[in-house]
Amino acid sequence: MSRYTRPMMRLSRDVAGTSLAPGGSVVAVGAFDGLHRGHQALLAQVHERAAKLGLTPIVVSFEPLPRAYFSPEPVARLSSVREKLRGFDEAGMEQVLLLRFNRALTSMSAEDFIRRVLVERLNAHEVWVGADFRFGHKRSGDVAMLERVGPELGFTARTMPSVLLDGARVSATRVRMLLAAGEFSGAAPLLGRPFVIEGKVEYGQQLGRQLGYPTANIHLRDRSSPVHGIFAVRVGLGESECSWPGVASLGVRPTVNEVPEPLLEVHLFDFEGDLYGQRMAVEFVAKLRDEQKFDNLDELTVQMAKDARQARELLGMNPRLSEA
Numbered sequence: 000m001s002r003y004t005r006p007m008m009r010l011s012r013d014v015a016g017t018s019l020a021p022g023g024s025v026v027a028v029g030a031f032d033g034l035h036r037g038h039q040a041l042l043a044q045v046h047e048r049a050a051k052l053g054l055t056p057i058v059v060s061f062e063p064l065p066r067a068y069f070s071p072e073p074v075a076r077l078s079s080v081r082e083k084l085r086g087f088d089e090a091g092m093e094q095v096l097l098l099r100f101n102r103a104l105t106s107m108s109a110e111d112f113i114r115r116v117l118v119e120r121l122n123a124h125e126v127w128v129g130a131d132f133r134f135g136h137k138r139s140g141d142v143a144m145l146e147r148v149g150p151e152l153g154f155t156a157r158t159m160p161s162v163l164l165d166g167a168r169v170s171a172t173r174v175r176m177l178l179a180a181g182e183f184s185g186a187a188p189l190l191g192r193p194f195v196i197e198g199k200v201e202y203g204q205q206l207g208r209q210l211g212y213p214t215a216n217i218h219l220r221d222r223s224s225p226v227h228g229i230f231a232v233r234v235g236l237g238e239s240e241c242s243w244p245g246v247a248s249l250g251v252r253p254t255v256n257e258v259p260e261p262l263l264e265v266h267l268f269d270f271e272g273d274l275y276g277q278r279m280a281v282e283f284v285a286k287l288r289d290e291q292k293f294d295n296l297d298e299l300t301v302q303m304a305k306d307a308r309q310a311r312e313l314l315g316m317n318p319r320l321s322e323a
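No gaps in the numbering here: position 273 of the sequence shown is 272 in numbering that gives the first Met the number 0, and each next residue is one more.
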């Protein structure tokens, strides 16, 4: 099965099928959660090598993320599938093989993965991975295996050196730790951009409107976020940049009606208009506090006013306007 996502990039989901690159390919393989600067460097290298050799640049990734598949608890992720695919497109990948990470794939031996995916499906001439890349049943495959069998199967295995920032390796784990601590200014250089959550605005209970703080709601559904609490944010609507100031809550709403999944609620300062159905990008600027449960709505409303004042001040606005 395959479909077109954006122009120039084709998305496929299955191991089986005709070759995606009859003329040969240069391939990147990985989970690519967050598409941080290490991932960006790897994709840039694949794009450059493919252009030089006249081959197709291809990326292989997995959904759900492998670590989420094996975890009994929800695992925070840095980017949605939509955001990840857009990043692949922007990196110049012409084909994406987004494999379903399921029981059948986890049962596949490392040797079969090489033969069926890299050789038969992708006609790989070069395969680029991180130095710690593992694959196949019980993670039995590694870089050494790729280097050993590659020459007899027609491809060369390459590893990408780690990207370092402040003397430490850029990794998704490091980014998640910084975000969980509210260190957005520290995470941005590792990501190569501010941390953003995107989604479509949906109808809610409209309680915020009744309390004087109407919100645009984004349901995260099965996506687990690395951040929770109350935040100063900047928002982009549609294709616009994240420039509209606001205050946001991401959590389970313990005071008014605890929800089974995290909900992102955003109040845009001085905004008038209907946002339902629009796509919204929320850039997290600063964490104000953790989510907490109040005894009643009056206490919640008082705290919301304090949050709005603090967010306005952090975003360079007049905090007194929150009292108007």
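Each residue gets a CB set at the ideal place from its N, CA and C atoms; glycine is no exception.
The Cβ atoms of Leu267 and Gly237 lie no closer than 7 Å to each other. Within its own chain, the residues whose Cβ lies closer than 6 Å to the Cβ of His38, once the five positions on either side in sequence are excluded, are Phe31, listed in chain order.
In this structure, the beta-carbon distance from Ala231 to Leu314 falls below 7 Å.
Taking C-alpha positions only, Tyr68 is separated from Tyr212 by approximately 38 Å.
Restricting attention to Thr172, Ile113 and Leu274, the CA atom closest to the CA of Gly153 is found in Ile113.
Assigned with DSSP and collapsed to three states, Gly37 falls in helix. Per DSSP, the unbroken beta strand (DSSP E) holding Gly228 starts and ends at Gly228 to Leu236. Taking the CA atoms as reference points, Leu10 sits about 44 Å from Glu312.
Under the Cβ criterion (8 Å, minimum of three pairs), the stretch 71-89 does not count as touching the stretch 99-109. Secondary structure of Ala156 (DSSP, three-state): strand.
Non-local beta-carbon contacts of Met303 in its own chain, meaning distances under 6 Å to residues more than five positions away in sequence, involve Tyr212 in chain order. Annotated three-state conformation of Ala285 is strand, per DSSP. Measuring C-alpha to C-alpha distances from Ala123 to each of Ile57, Asp111, Phe132 and Leu84 identifies Ile57 as the nearest. Thr17 sits exposed, since fewer than 16 C-beta atoms from the chains shown fall within 10 Å of its C-beta. Taking a C-beta distance under 7 Å as the contact criterion, Leu117 and Val126 qualify as a contact pair. Here Pro261 is buried, its C-beta having at least 16 other C-beta atoms within 10 Å. DSSP places Phe61 inside the beta strand (DSSP E), whose first and last residues are Thr55 to Glu62. Secondary structure at Arg192: coil, using DSSP grouped into helix, strand and coil. One alpha carbon belongs to Met159, the other to Asp294, and they sit about 53 Å apart.
Within the model, the alpha-carbon separation for Arg81 versus Tyr275 is close to 19 Å.
Taking one beta carbon from each stretch, the stretch 214-228 and the stretch 274-290 have 3 or more pairs nearer than 8 Å; the two touch.
Membership of Glu82 in any beta strand (DSSP E) is not indicated; the residue belongs instead to the alpha helix (DSSP H) covering Val80 to Glu89. A straight-line Cα-Cα distance of about 32 Å links Ala167 and Ser24.
Contact check for Val169 against Arg36 passes: the beta carbons are separated by less than 7 Å. Under the three-state reduction of DSSP output, Met92 falls in the coil class, being neither helix nor strand.
In this structure, Glu93 sits near Thr55, with a CB-CB distance shorter than 7 Å.
Collapsing the DSSP output to three states places Pro244 in a strand.
Judged by beta-carbon spacing, Leu189 lies within the 7 Å limit of Val174, meaning their Cβ atoms are closer than that value. Spatial neighbours of Ala15 in its own chain (CB-CB distance under 6 Å, excluding positions within 5 residues in sequence) are not present.
Per the C-alpha coordinates, the member of Glu47, Ala310, Glu197 and Ala143 positioned closest to Lys83 is Glu197.
Taking the Cα of Glu182 as reference, the smallest distance to any Cα among Val226, Met144 and Leu299 is reached at Val226.
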